[in-house]
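Protein chains in written order, with my numbering: chain A, 3 to 182; chain B, 389 to 818.
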């Protein structure tokens, strides 16, 4: 993944979205490195969200999502170390999660797999965006723009993490930099 | 300047004199553990990146412990265990605790110390977030994803960030109805589910010293529930005796310097601690039992890496002995060794198994992770509808034990058993 501008709809979630909500444990029988099971994992992304989320992340009968950006609150991805979580999001078509903060293993798994960009905003965005809003996420400027209002919000720098995800994950990065 | 125990272990593993929190360092791993849920994906990454004919970095150090989805009819789960078996044979791995054979053990986090794979001063990586359990034996131990595990499998190394440490000092004598689970739930309630994100949680004090190794494991096991990278308790004579009874391998014990730097230090008096529970839907939604005694429960579950060890069943048996449960009560020993102890350990002159049977518990399940994380629909003890389950497990996020409509209340074995007798959240009256 190395495109610098990601345009798309946002899906807004609250605090402490744990890995069981991202991909419920009953689907952990699927193996992320088997291509057809990668797609299947994507089709179940976010299906563990409670029913008070009235908008479905993936429409019935579809295997990918119309939302390319998730906007989240604190501690996104807490819980299990299952790499199935960033893989399911990546497989569903999500390019970036912009959350106030991330749980450690989920954050690391995003980087190691290169599946998506885990990014923190300068100010909380969960009450600014609503699900379905169009947004434009600029990786160079590190901003997200609400297309309707034209307002621009700053994002925190990803530092060295950016290079790893741009390369496609830890192995590609390690090869590029002669670490392996 | 002084270093914490975590910094000392990581410095040794990186071949450095000293490390500082925030340093990104390459460390040598002593052990890599994987299981049936993440093993096949880890092997997939390993083969994709290092080649079909690649060999693991050390056949004695890659330890495979299938435990999650063992007793199910689900064909993909069986396929995943078979894939591990094929890999073990192909690689000639020394340690494989294979389902359906005499070597089967059960839950990885209880198996690892039982079989002598946890040793003070070492670095252990596992493809499971509760790998932080093993810090209870004075080592650095943390959970990683498949891709990082694939990297370790091939190289024996991993690039990690040295965590800041937070110290929790607990001194004094616990009440008879308060256990290690109450200590860690209280701490998680105080710091929050992200209060220790990226940090090493170090536990010390006379209360911790007095705890058994298994109780110390309960505490470190739930470090991840506060966002911690690891939990750790410095090895003492009790640890050394325990480890030497399991393995002949040499090991080195470390302890924090007096002038080591911490992000924060918390002090607790054991006498102030009370039985607590974490109400739905977060491990930090912690309440004293005395405030929630009118909350009804539909079932009680005693099991998992957190609450399915021998010490946990001894506590439950003390409460259930001579009484009858009012709600379905599920007993899931973590490992075969724990299962065996149910017929060798006695309380009030009766075996634990007899106590559970006489109390009217459900037929005891074979050792595995079972319903702690829901799992396939036919999993023993899984909450398939709107059950409210009081449980000795570690997480209570929406849908954790199965259906999104179910609720999980986290409790100690004493409280889970006492609640089984009344049908309401109840502390053990001793």
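Backbone N, C-alpha and C define an ideal beta-carbon position, used for all residues, glycine too. Quick caveat, the model's predicted, so the values are computed rather than measured.
query	result
Put residue 501 (chain B) into one of helix, strand or coil per three-state DSSP.	helix
When the Cα atoms are used, what is the spatial distance from residue 167 (chain A) to residue 627 (chain B)?	41 angstroms
Using a Cβ-Cβ distance cut-off of 9 angstroms, determine whether residue 91 (chain A) contacts chain B.	no
Identify the contact partners of residue 761 (chain B) in chain A, using a Cβ-Cβ distance below 7 angstroms as the criterion.	27
Output, in sequence order along the chain, the residues in the region 520-542 of chain B whose CB is closer than 7 angstroms to any CB in chain A.	531, 532, 533, 534, 535, 536, 539
Could you check how far apart the C-beta atoms of residue 509 (chain B) and residue 397 (chain B) are, in whole angstroms? I think they sit under 8 angstroms.	6 angstroms
Using only the alpha-carbon positions, how far apart do residue 452 (chain B) and residue 149 (chain A) sit?	50 angstroms
For residue 83 (chain A), does the three-state DSSP call read helix, strand or coil?	coil
Is there a Cβ from chain A that is less than 9 angstroms from the Cβ of residue 418 (chain B)?	no
Rounded to the nearest angstrom, how far is the Cβ of residue 444 (chain B) from that of residue 538 (chain B), given a contact under 8 angstroms?	Incorrect: roughly 10 angstroms between the Cβ atoms, too far for contact.
Can you name the residues of chain A whose CB is closer than 8 angstroms to the CB of residue 738 (chain B)?	Those within 8 angstroms of residue 738 (chain B) in chain A number zero; the least Cβ separation is about 35 angstroms.
For a contact meaning CB atoms closer than 8 angstroms, what does residue 468 (chain B) contact in chain A?	31, 33
Let's see if you can read the secondary structure: which residues bound the alpha helix (DSSP H) around residue 37 (chain A)?	37-45
What are the start and end residues of each continuous alpha helix (DSSP H) run of 4 or more residues lying completely inside the region 661-717 of chain B, in chain order?	692-695, 698-708
Helix, strand or coil: which one does DSSP assign to residue 437 (chain B)?	helix
I'd like to know whether the C-beta of residue 115 (chain A) is nearer than 9 angstroms to at least one C-beta of chain B.	yes
How would you list, in chain order, the residues of chain B whose beta-carbon sits under 8 angstroms from the beta-carbon of residue 167 (chain A)?	Ordered by position in chain B, no residue passes the 8 angstroms Cβ test against residue 167 (chain A), which lies about 12 angstroms from the chain.
Helix or strand or just coil, what does DSSP make of residue 32 (chain A)?	coil
Would residue 473 (chain B) and residue 724 (chain B) be called neighbours here (beta carbons separated by less than 9 angstroms)?	no
Checking the sheet assignment: what are the DSSP bridge partners for residue 155 (chain A)?	A:146
Quick one: residues in its chain with C-beta nearer than 7 angstroms to the C-beta of residue 40 (chain A), no 5 flanking neighbours on either side, listed in chain order?	34, 89, 93
For chain A, find out if any of its Cβ atoms is closer than 9 angstroms to the Cβ of residue 478 (chain B); answer yes or no.	no
Expressed to the nearest angstrom, what Euclidean distance is found between the alpha-carbon atoms of residue 744 (chain B) and residue 169 (chain A)?	56 angstroms
Between the alpha carbons of residue 534 (chain B) and residue 548 (chain B), how many angstroms are there, rounded?	15 angstroms
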